[in-house]
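Q:
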Amino acid sequence: MTLPAMQRIKINGAELAVRDRGLGEPVVFVHGSMGDECVAVLTEPSLATHYRLIDYHRRGWRESAPLETSISIAQQAADCSAVMDHLGVKRAHLVGQSYGGIILLQMALDTPDAVHSLALLEPALPAILFHDQAFGEVMAKATSHYEAGDKASAMETFGQAVVGPAFHTVLDQTLPPGYFERWVADADTFTLYDAPAMQPWSFTQAEAARITQPVLNLRGANTQPYFCKIHETIQIWLPHAEHVILPDATHAMLQTNPSAAAERLADFFVRHP
């Protein structure tokens, strides 16, 4: 199954690349720190034949216009809402992996009426990640490579830590050719804009209590310990969330096991129409 080309739209003073395909209840995907990560799951029959699937590249990523100024998590949540408005979607199932997950947590607070359900795939909670020694060491090494002008090694270091040491072998089978080169091309967005936006952002247990929509709390079976801690925290803060461990998947579960991810998402959506 081939995905249609993305189209650029203008929202909130930015140009974002958007793809809108299929019929049924709308499902909006918000990617994390790899622009191509939603591609594989969008072609899975369990989703593609039953839902209207919407994905877009966040500011500065892939086919969207480059970033030239700082952007906050709240602004990125507003972008997601604006994409929905542009497409005439008032309410949708929302899926966010990693960085995309924290954007959707913010959106659930800011525009709750637009959120029909929330699928959180190991959202990158800075309160946990920035206090974890192992994650800090990974980011320090990746940043060192970036500052030395070696963007490829920076993204390789990050990829091995969050996707897995053999991530090329896995992603070569699920993502379009050239995904790593495109990821390296977006290293500036990752390092100069996305990472700094996490620093001032916070999400508390009291704020989590405001989220009453159905929530799927999904974790990869082979993810890193710091992401396991995030998954456990989300379950405590959102006790009504459905707790699922995805087999044969790492933090990058949409890429490492797209078939199982699609099936779990479809099962969740059908029970919360």
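Counting from 1 along the sequence shown, just add 113 to a position and that's the residue number in the numbering used here.
Beta carbons: idealized from backbone N, C-alpha and C, even for Gly.
Computed from a predicted structure; not experimentally measured.
So, does the segment 217-226 touch the segment 247-258, judging by three or more C-beta pairs under 8 Å?
A: No contact exists between the segment 217-226 and the segment 247-258.
Q: Once DSSP output is grouped into helix, strand and coil, what is the label at Pro360?
A: In the sequence shown, residue 360 corresponds to position 247, counting from 1. It is coil, neither helix nor strand.
Q: Between which two residues does the alpha helix (DSSP H) containing Ser315 stretch?
A: Here the question's residue 315 lines up with position 202 in the sequence shown. First-last for Ser315: undefined, no H or E at that position.
Q: Evaluate the contact criterion for the segment 177-197 versus the segment 153-160: three or more CB pairs, one atom per stretch, below 8 Å.
A: No, the segment 177-197 is not in contact with the segment 153-160.
Q: Lys264: buried (16+ other C-beta within 10 angstroms of its C-beta) or exposed?
A: Here residue 264 refers to the residue found at position 151 when the sequence shown is read from its first residue. Buried, because 16 or more other Cβ atoms sit within 10 Å of the Cβ of Lys264.
Q: Give the DSSP bridge partners of Arg134, in chain order.
A: If you number the sequence shown from 1, residue 134 lands on position 21. Beta-bridge pairing links Arg134 to Leu166.
Q: Whole angstroms is fine: what's the gap from Ala379's alpha carbon to Ser211's?
A: Reading the sequence shown from its first residue, position 266 is the one you call residue 379. Reading the sequence shown from its first residue, position 98 is the one you call residue 211. Roughly 19 Å separates the two Cα atoms.
Q: Select from Ala255, Gly291, Ala227, Cys193 the residue whose C-alpha is nearest the C-alpha of Leu205.
A: Mapped onto the sequence shown, residue 205 falls at position 92. The sequence shown places Ala at residue 205, not Leu. Measuring from the Cα of Ala205, the nearest candidate turns out to be Ala227.
Q: Check Phe381 in the structure and name its three-state DSSP category.
A: Here residue 381 refers to the residue found at position 268 of the sequence shown. In the structure shown, Phe381 sits in a helix (DSSP, three-state: H, G or I).
Q: With distance defined between alpha-carbon atoms, name the residue in Leu234, Pro352, Ser230, Trp314 nearest to Phe243.
A: Along the sequence shown, read from residue 1 onward, the residue named residue 243 stands at position 130. Ranking the options by Cα distance to Phe243, first place goes to Trp314.
Q: Rounded to whole angstroms, how far is the Cβ of Leu160 from the Cβ of Arg134, which I believe are closer than 8 Å?
A: Here residue 160 refers to the residue found at position 47 of the sequence shown. Here residue 134 refers to the residue found at position 21 of the sequence shown. That pair is no contact at about 11 Å.
Q: Between Asp149, His229, Thr304, which has its C-alpha nearest Gln77's C-alpha?
A: There is no way to answer for residue 77, as the model of the chain reaches only from 114 to 386.
Q: Using the rule of at least 16 other Cβ atoms within 10 Å of the residue's Cβ for burial, across every protein chain shown, is Gly272 buried or exposed?
A: Locating residue 272 in the sequence shown gives position 159, where the first residue counts as 1. Classification for Gly272: buried.
Q: According to DSSP, is Val328 helix, strand or coil?
A: Taking the sequence shown and counting its residues from 1, one reaches residue 328 at position 215. If DSSP states are grouped into helix, strand and coil, Val328 belongs with the strands.
Q: Can you tell me whether Glu355 is helix, strand or coil according to DSSP?
A: Within the sequence shown, numbered from 1, the residue matching residue 355 stands at position 242. DSSP places Glu355 in strand when its eight states are reduced to three.
Q: How is Arg121 classed by DSSP in three states: helix, strand or coil?
A: Here residue 121 is taken as the residue at index 8 of the sequence shown, counted from 1. It is a strand residue.
Q: Can you find the residues in the same chain that come closer than 8 Å, C-beta to C-beta, to Thr306, ignoring five residues on each side of it along the sequence?
A: Taking the first residue of the sequence shown as 1, we reach residue 306 at position 193. Looking at the sequence shown, residue 306 is not Thr but Tyr. Taken in chain order, the residues that qualify are Arg172, Gly173, Leu180, Ser183, Ile184.
Q: Compute the beta-carbon to beta-carbon distance between Thr346 and Ile241, rounded to the nearest angstrom, for a pair I have assumed lies under 8 Å.
A: Taking the sequence shown and counting its residues from 1, one reaches residue 346 at position 233. Taking the sequence shown and counting its residues from 1, one reaches residue 241 at position 128. Going by Cβ atoms, the distance from Thr346 to Ile241 rounds to 6 Å, so yes, they are a contact pair.
Q: Short check: CB of His258 to CB of Ala267, under 8 Å?
A: Numbered from its first residue, the sequence shown carries residue 258 at position 145. Numbered from its first residue, the sequence shown carries residue 267 at position 154. The answer is yes: Cβ separation under 8 Å.
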